[in-house]
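K.L.:
This structure is in structure tokens; I'll ask about it shortly.
See below:
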């Protein structure tokens, strides 16, 4: 079990780290998809099958497409490459900041006694999930639904209204 | 028809109705408005007479009708009506004089554009005044008290397009309000101490024995009895309303109003309300008389204030040139007499003088109004003169009023009422000063009234307007004649030989006549003094009549500084303007300044402080530092702006700060030893 | 070291990678993706505690992650739409130059 | 007792109107005005229904609606009404339509204006009816948003600044209050006012929070409310906000918004922190006195009409708080003969509390009427509002002068009009509890008369000058706006029982605490 976990973790982290350092945006995006897949595998490993499915559907299916579209739409030519890291100073401060946060987080994790029993994998059925969602959490589901709708509308409006904005700014 | 206490509300309600009609009729409805007002007054007069008949059946009884106004806590705020001889006599006087003045006004105000409004205000005044008289509750009395103040305000400022009238109206309202605040405070104290404001309530009222002895028995930390303190506070209201020293300054200015207003409100009725008030709460005012060892008795203060006012008013009246102002200061002086009478312990004498004064002073004012009307609103008596010929009725009636006011013996009512006051002052054993002040005022009164009559009616006309004067119409002269008759007849209600009025007011069923000889010495002295005043006046003004409007006054020639001081009304207005008025405005400016600079400054300081921290929190924005200290920050908006300097728009920066802050926070928690 | 520790270390590392990415890259799309990574790291924590925590049966962790994913999807959609809008407007997607909100 | 969810109707009727306005973008200006007015008036109708079904003798909340809302947090949708709420609901029903009528001539963005106004009205009603902090606070904060836009978009030249100031101040205060209630929730797990008041009366609230925390929490809640009222010295946002707002918004701000703060003092601060309020009452009394006196005197020094009325508003609202603080202080420092003490103190408290409640209503009527009159003056003279810009208006506009004068005298506290009853009762109560405070407050009465009469003299009297030339008298619309308020001033001045009957049992219960 632990071995599987470590494998999944290393796989995911490696993909993410490389994705963040690649110069080619398309490659970065593709590697991130791999990393998200790793997270989905982690969900499978942890026994949250439905979540793994959702992660695959949303991240691998939807968000990756949106990202790729965004990348393609915002590039003047396919050949154009962004510098991976924008200036030395920015990279160094980013690394230091990240390192500091990492140190704090690792320290916190390692020095916290976590006395939870590592029990067997217990599954949580979709039926249970559905009952939870339609029962006590129904208000939250509604809110999320509203948020998604608004986000959809917002996305459309933002992408579509930009031409008019251009005109206004020009005047 | 029997009018008892529970019907008393009808008396003020009728004029109120007339006021409502007057307010709601369209501009054209002149005759409707005036007709309703006069009809209401006449009806109220009839009702008042009926009420008087009821009251005189048993003069000692206080008929009351009390009711709850609104619920308050476990109890209710109660108001009530009271019927006793005092109320009834006052009602009869107010309605009678009021009706006559209303009739006079139809002539006097005939050409005014706001004729309808005038009668509406007059009716409102009458309603409030009558409400004040019939009240059995200090609260109801106060309500009506304020309303007569409002009516007075409206009527003084009736010719509101004249800046002087507008200013005089405001001055009257504000000055009386100063007194009213004291009055209100007294009411609050009384209410708090006794839990009720009803005068008579079957043994629980504030003017009844239990309450009075409780209040006289309570001694405050300053040594005064509770009843003294409350009484003096209530007296403050009377000082303001009745134009007593030191709040008399508004009354002469109130003559800016139309003359019928001066006659009704500022001579006969409203200004006498203060006297009525003290007479009404007389048991309270005199409750401390049983105590020997108090620093001051409430009535002593009243007596001295009254004496000072009587003398001062008479002095100032000597040097005034405006016909209405002379009469106004004479009113101040006469009100001082009444207060003096109250103070020295004879409230019946005060009310007697109040009643007689109401008639002859209304007569004098209406006479002056008739003169002013005839002389096309010329009020300066230096420019009048010689009106004896063309205005015979006015002259005759005015002379009767003048003699009543001066106290010409035996035939005129003023003589008897003044005599009663002087007699009471003589018997007062606290001090002789009020008597001396009263006697001095007698001489002065006779003197200035002689001067007035000589200047206005004798000699030759000294202006174009006076030359063309002619007698006023019948609507104006008939009230004059009636009032003149009353000014004579009323005296016989209360001669020493047959003091019917006094007996009824005191609630004595029997009339115990005294002989004329009682106090004959004092009477003789005052007759001599009156003669002295009349003689001096005639000697100075009558024998050598004024030749032109610009000639100097004989007194002015004799002693310019004294005359100037008196003509300037002893400088009270200037004094108040320099002290109270200025302090008021200064405090106003101070408050506004405090608001703007101290509070605003504090906020501006906080803003700068916030600004400073905002700037410090931003490592690399040096321009912010300079800008920050130079910018005059506009309160919180400035703070917002300086904080917004931290808003670099650099998303990376935000994220970096966020992450580092997280690290710092965790370290703080850890190094700080957890919670 | 228990599996829970490993899970938490995993999520911390993923979070830091996302953070460094978001800080170091100037391309707005990548910054957004870094933030997505951080969100994923947080989700991993939820799942880990759900998996090893005492209240397994009520599935709070799963539901929370579900909502989180939904919100992340919304965020991604709006964020990328914004990127496109900015790009149309300024012809660049460098984050440093999108500083209109500077005070 | 009533199957209709009356209170929900009351709160949401204006919002429904706003929603309709929002959904109909092509509505003509006159139709949107009519719709807004109708919706606004419907709250008056509902208020009157509530008033007729209201049982004044019962001091508990009536028409209660409780529904579980967020079960995890223990938040309820909880509406209820007692005498005080009823009074304020009726006031809102009166002032809001009048304010809409006053804005009838507005030409710019009519639909948006009416929409925002209805939102504001709904929020205010929500504040007066909500009994659970959660949605009470939502209403409380939501009232800021429309008010901000109303001031900023339709106000005078200084309006944006005034609007920012207003919002920042009030938000800052509210933030303290929110934090305080978070602490209360953390300690007790309840957000319902009646429950909390009960807990406070039993001492459980103090025990749950601990002696130190409850003081901090008290200060937090106090700050939130004091800014809204506003209590001196938190009032500096008020003059410019009131002065710059458009007439309708000024009327609503002074008529209703300031009452929200006072309501909060009575509904939250006093029942929840009686001991703390008692301890602080000495200081607070002076603050209220400062509001009474300095407000009035500062008004005297103003030359801008609306600023003057704004300062007088501070003065009048401070009377309510003066009464509350005197009651909370309990008059303990008075040395009295012991036999009369408790009965006399109780009756003084009753007077002060009824006075405060009546004063809220009365000030709502008179101050909004005065703001309307100032608006009329400004609208006839290119927006000039200086005292010196006018003269002799009464000559050309006697009707306007008369009605404005009535509103003014009501504000001065002339007996026979509504203002007197409340002020007299406040003075009566405060005198019985803290005599020196009543004495100092008398200065405020004097100054109020002084500056209002000065205003009257300069604007209406004297020779015709400045904006007084060719001043058109009131037309039908303006008359319709002003007249109901004026009639009520008379009615309530002569028959205060109409209102006193509604609140008296409640006040009696309060005073007995």
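Residue numbers (our numbering), protein chains in the order written: chain A, 1 to 171; chain B, 1001 to 1675; chain C, 2001 to 2103; chain D, 3001 to 3513.
Cβ coordinates follow ideal geometry from the N, Cα and C atoms, glycine included.
Tell me where the beta strand (DSSP E) around residue 96 of chain A begins and ends.
P.N.:
Taken as a continuous stretch (DSSP letters only), residue 96 of chain A belongs to no beta strand (DSSP E), being part of the alpha helix (DSSP H) at 88-111.
K.L.:
Which same chain residues, not among the five before or five after residue 38 of chain A, have their C-beta less than 7 Å away from its C-beta?
P.N.:
Same-chain partners within the cutoff: 8, 11, 12, 15.
K.L.:
Chain D partners of residue 1591 of chain B, CB-CB under 7 Å?
P.N.:
What residue 1591 of chain B touches in chain D: 3294, 3297, 3298, 3301.
K.L.:
Can you tell me whether residue 2086 of chain C is buried or exposed? The criterion is at least 16 other CB atoms within 10 Å of its CB, across all chains shown.
P.N.:
Buried, because 16 or more other Cβ atoms sit within 10 Å of the Cβ of residue 2086 of chain C.
K.L.:
Once the 5 residues before and after residue 3169 of chain D are set aside, which same chain residues still bring their CB inside 7 Å of it?
P.N.:
3227, 3237.
K.L.:
Report the neighbours of residue 1659 of chain B on chain A: residues whose CB is nearer than 8 Å to its CB, in chain order.
P.N.:
The contacting residues are 97, 98, 100, 101.
K.L.:
Let's see if you can read the secondary structure: which residues bound the alpha helix (DSSP H) around residue 1108 of chain B?
P.N.:
Its alpha helix (DSSP H) spans residues 1085-1108.
K.L.:
Please report whether the beta-carbon of residue 104 of chain A lies at a distance below 8 Å from any beta-carbon of chain B.
P.N.:
It does: the Cβ of residue 104 of chain A has a partner Cβ on chain B nearer than 8 Å.
K.L.:
What span of residues does the alpha helix (DSSP H) with residue 1432 of chain B cover, start to end?
P.N.:
Run containing residue 1432 of chain B: none; DSSP gives neither H nor E here.
K.L.:
Would you grab the beta carbon distance between residue 3365 of chain D and residue 3418 of chain D for me? Rounded to a whole angstrom, and I think it's under 8 Å.
P.N.:
Sure, about 6 Å apart at Cβ, within 8 Å.
K.L.:
Any C-beta of chain C sitting closer than 8 Å to the C-beta of residue 1655 of chain B?
P.N.:
Closer than 8 Å to some Cβ of chain C, the Cβ of residue 1655 of chain B qualifies, so yes.
K.L.:
What first and last residue would you give for the alpha helix (DSSP H) that runs through residue 3247 of chain D?
P.N.:
That run of the alpha helix (DSSP H) goes 3247-3252.
K.L.:
Residue 3076 of chain D bridges to which residues according to DSSP?
P.N.:
Bridge partners of residue 3076 of chain D: D:3068.
K.L.:
Is any beta-carbon of chain D found at less than 8 Å from that of residue 1146 of chain B?
P.N.:
With 8 Å as the cut-off, residue 1146 of chain B counts as an interface residue toward chain D.
K.L.:
In chain B, which residues lie with their C-beta within 7 Å of the C-beta of residue 3445 of chain D?
P.N.:
Near residue 3445 of chain D (Cβ distances below 7 Å), the residues of chain B are 1181.
K.L.:
According to DSSP, is residue 1631 of chain B part of a helix, a strand, or is it coil?
P.N.:
Residue placement at residue 1631 of chain B is poorly supported in this model, since its pLDDT is 41, which falls under 50; the coordinates still yield a value, given next. In the structure shown, residue 1631 of chain B sits in coil (DSSP, three-state: anything other than H, G, I, E or B).
K.L.:
When you measure from the CB of residue 145 of chain A to every non-hydrogen atom of the ligand HEM, does any distance come out below 7 Å?
P.N.:
Of ligands this structure carries none, so the ligand HEM is not represented either.
K.L.:
Could you pull out every unbroken alpha helix (DSSP H) segment of at least 4 residues lying fully inside the stretch 1260-1287 of chain B, listed in chain order?
P.N.:
Complete alpha helix (DSSP H) runs here, min 4: 1273-1280, 1282-1285.
K.L.:
Measure how close the beta-carbons of residue 1534 of chain B and residue 1446 of chain B come, nearest whole angstrom, since I'm counting them as under 8 Å.
P.N.:
The pair is a contact, with the Cβ atoms about 5 Å apart (cut-off 8 Å).
K.L.:
Give the straight-line distance between the Cα atoms of residue 3284 of chain D and residue 3126 of chain D, rounded to the nearest whole angstrom.
P.N.:
Using only the alpha carbons, I get a separation of about 28 Å.
K.L.:
At 8 Å on the CB atoms, spell out the chain A contacts of residue 1666 of chain B, in chain order.
P.N.:
Result: 104, 108.
K.L.:
Under 8 Å by Cβ, that's how I've got residue 1188 of chain B and residue 3428 of chain D pegged, so tell me the actual separation to the nearest angstrom.
P.N.:
Confirmed, about 6 Å.
K.L.:
Does residue 1475 of chain B come out as helix, strand or coil in the three-state DSSP assignment?
P.N.:
It is helical.
K.L.:
Straight-line CA distance for residue 1372 of chain B to residue 1246 of chain B?
P.N.:
Taking the straight line joining both Cα atoms gives about 30 Å.
K.L.:
For residue 1347 of chain B, report the span of its alpha helix (DSSP H) as first-last.
P.N.:
From DSSP, the alpha helix (DSSP H) with residue 1347 of chain B extends over 1347-1374.
K.L.:
Going by DSSP, what residue range makes up the alpha helix (DSSP H) through residue 1072 of chain B?
P.N.:
Counting along the chain, residue 1072 of chain B falls outside any alpha helix (DSSP H), though it belongs to the beta strand (DSSP E) covering 1063-1072.
K.L.:
What is the DSSP secondary structure of residue 1192 of chain B, reduced to helix, strand or coil?
P.N.:
Note: residue 1192 of chain B maps to helix in three-state DSSP.
K.L.:
Answer yes or no: do residue 1470 of chain B and residue 1368 of chain B have a C-beta to C-beta separation smaller than 8 Å?
P.N.:
Going by C-beta atoms, residue 1470 of chain B is not nearer than 8 Å to residue 1368 of chain B.
K.L.:
By a C-beta neighbour count over all protein chains shown, 10 Å radius and 16 as the cutoff for buried, is residue 3442 of chain D buried or exposed?
P.N.:
Burial call: buried.
K.L.:
Between the C-alpha atoms of residue 1223 of chain B and residue 1291 of chain B, what's the straight-line distance to the nearest angstrom?
P.N.:
Using only the alpha carbons, I get a separation of about 12 Å.
K.L.:
Cβ atoms of residue 75 of chain A and residue 2024 of chain C: under 8 Å apart, would you say?
P.N.:
Their beta carbons are not under 8 Å apart, which means residue 2024 of chain C does not touch residue 75 of chain A by this criterion.
K.L.:
8 Å is my cut-off, CB to CB: does residue 9 of chain A come that close to chain C?
P.N.:
At least one chain C Cβ lies under 8 Å of residue 9 of chain A.
K.L.:
At least one CB of chain A closer than 8 Å to the CB of residue 1663 of chain B: is that the case?
P.N.:
Yes, residue 1663 of chain B lies at the interface with chain A (some Cβ there is under 8 Å from its Cβ).
K.L.:
Does the beta-carbon distance from residue 1018 of chain B to residue 1040 of chain B come in below 8 Å?
P.N.:
Against a cut-off of 8 Å, the Cβ pair of residue 1040 of chain B and residue 1018 of chain B comes out as a contact.
K.L.:
Taking C-alpha atoms, which residue in B:1354, B:1207, B:1310 lies nearest to residue 1269 of chain B?
P.N.:
Checking every option, the nearest Cα to that of residue 1269 of chain B belongs to B:1354.
K.L.:
Beta-carbon of residue 93 of chain A versus every beta-carbon of chain B: anything under 8 Å?
P.N.:
Yes, because at least one Cβ of chain B sits closer than 8 Å to the Cβ of residue 93 of chain A.
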